[in-house]
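I have placed the structure first, in the form of structure tokens, so that the comments after it can refer back to it.
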Amino acid sequence: MSKDPEVYLAKDLAGGGEIFRRLNPPARLAVFGDPVAHSASPPMHNAALREQNHDLQYVRIHVTPEELPDALKNLASADFLGASLTIPHKQAALPIMDHVSREAQLMGTINTVAVRAGKLCGSNTDGPGLAAAVIEEFGRSLTQLRVLIIGGAGGAGRAITVQCALEGSPSVIIANRNKEKGDLLAQEIQEHLEFPISSIPMTAESLGHAMKSVDLIVNATPLGMKTGDASPLPHLAEGLLNARHLVYDTIYSGGETALLKQANHVGAKAANGFSMLLHQGVLQNTLWFGEPAPLATMREALRSLRN
Ligand code: NAP
279 MSKDPEVYLA
289 KDLAGGGEIF
299 RRLNPPARLA
309 VFGDPVAHSA
319 SPPMHNAALR
329 EQNHDLQYVR
339 IHVTPEELPD
349 ALKNLASADF
359 LGASLTIPHK
369 QAALPIMDHV
379 SREAQLMGTI
389 NTVAVRAGKL
399 CGSNTDGPGL
409 AAAVIEEFGR
419 SLTQLRVLII
429 GGAGGAGRAI
439 TVQCALEGSP
449 SVIIANRNKE
459 KGDLLAQEIQ
469 EHLEFPISSI
479 PMTAESLGHA
489 MKSVDLIVNA
499 TPLGMKTGDA
509 SPLPHLAEGL
519 LNARHLVYDT
529 IYSGGETALL
539 KQANHVGAKA
549 ANGFSMLLHQ
559 GVLQNTLWFG
569 EPAPLATMRE
579 ALRSLRN
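In this note's numbering, the protein residues as written are 279 to 585.
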């Protein structure tokens with residue numbers, strides 16, 4: 279693989295994306311983000327592309343919110359097959375698509391763009407990725423689990439909340455810092471899917487009360503990304519965490535987050551976001567190529583990043 283800069287710019291996609299065509303192999307997939315240098319997606323996707331003998335590579339492109347519409351529109355003329363979207367583009371990209379899957383419409387966010395016959399098709403693999411990760415980590419399906427999603431009305435949170443509703447979890451509770459956003463999402467889901475869902479404030483009392491009636495607790499806030507971040511479970515609620523809970527922290531920054539520490543302390547089964555990252559990536563690969571993705575190779579690529 280060539281030694282070109284690790285992060286490209288949105289303007290590099292303009293005028294046919296000559297810079298990407300000249301790479302060896304040419305870049306025809308990318309992750310768009312702001313920031314994007316931290317993204318673990320390129321090593322995971324490039325390992326898959328090599329295994330599948332696709333003569334192309336996946337790169338990081340720094341795209342600001344202002345640049346997003348043009349960057350997306352330039353994908354087809356630069357001969358890209360698609361792109362992954364990360365913070366802060368998942369919601370803003372949706373109205374720019376020519377076609378959006380029903381699930382992604384409900385989620386209100388997309389993390390995957392596929393270019394098909396010059397048209398932009400948006401999907402969301404975060405929700406199904408979390409569902410697959412929960413099966414892998416805990417041997418249980420969302421269909422069987424009463425779920426509390428902290429940060430449930432954020433980008434990843436919405437995808438997870440809607441996934442739980444689509445899979446028919448026995449009950450779903452959203453706790454969002456901005457409770458109005460949580461209320462609005464619960465209302466939308468009730469209207470479109472006729473699914474019972476409740477929205478609670480992110481207070482210790484409400485979280486503590488909710489924890490008595492849930493099996494799985496998901497953190498979909500960024501709390502835990504930075505060393506020293508507090509847990510999203512305040513002290514009072516923490517006392518109600520126990521060994522029968524399953525705890526999934528979507529954070530995949532490496533170390534043990536404060537939430538995972540709390541879970542491990544009480545003997546609850548707990549997992550970090552690496553498995554979600556893996557499974558959402560596997561589903562993206564299948565969307566782009568219409569063939570099974572090399573799961574073991576992609577897992578190994580992510581594992582070597584952690585070591
Ligand atoms: P986002 O759209 O900005 O949403 C963030 C959510 O967290 C919102 O609900 C927000 O509440 C809440 N929040 C933010 N700061 C908070 C704080 N200090 N205290 C309490 N709540 C807070 O971000 P996102 O794209 O959903 O990403 C969220 C996390 O999910 C990130 O850590 C990311 O790494 C992780 N993620 C993981 C994967 C994976 O594959 N493992 C995939 C996607 C995302 P308000 O609505 O009130 O602002």
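Don't be surprised by glycine CBs; every beta carbon is placed ideally from N, CA and C.
In this structure, A361 sits away from A325, with a CB-CB distance that is not shorter than 8 Å.
Just so you know, the alpha carbons of I388 and E516 end up roughly 33 Å apart. Under the 10 Å beta carbon count, N542 is surrounded by fewer than 16 other beta carbons and is classified as exposed. Remark: the C-beta of N454 is in contact range of ligand 1, defined as less than 7 Å to any heavy atom. For ligand 1, a non-hydrogen atom lies closer than 7 Å to the CB of Y530. Leaving aside the five residues that flank V560 on each side, the residues in its chain whose CB is nearer than 7 Å to its CB run, in chain order, A571, L573 and M576. In the structure shown, Q330 falls within a coil segment according to DSSP collapsed to helix, strand and coil.
Three or more Cβ pairs closer than 8 Å define a contact, and the segment 408–422 meets that threshold against the segment 440–451.
At least 8 Å separates the beta-carbon of L462 from that of I452. By the C-beta density criterion, S582 is exposed, having fewer than 16 other C-beta atoms within 10 angstroms.
In this structure, ligand 1 has no non-hydrogen atom nearer than 7 Å to the beta-carbon of A549.
The Cβ-Cβ distance between S477 and N454 falls below 8 Å.
CA-to-CA, the gap between A579 and L556 works out to about 10 Å. Leaving aside the five residues that flank S355 on each side, the residues in its chain whose CB is nearer than 6 Å to its CB run, in chain order, G294. Residue pairing by DSSP places C399 opposite H377 and A392 in a beta bridge.
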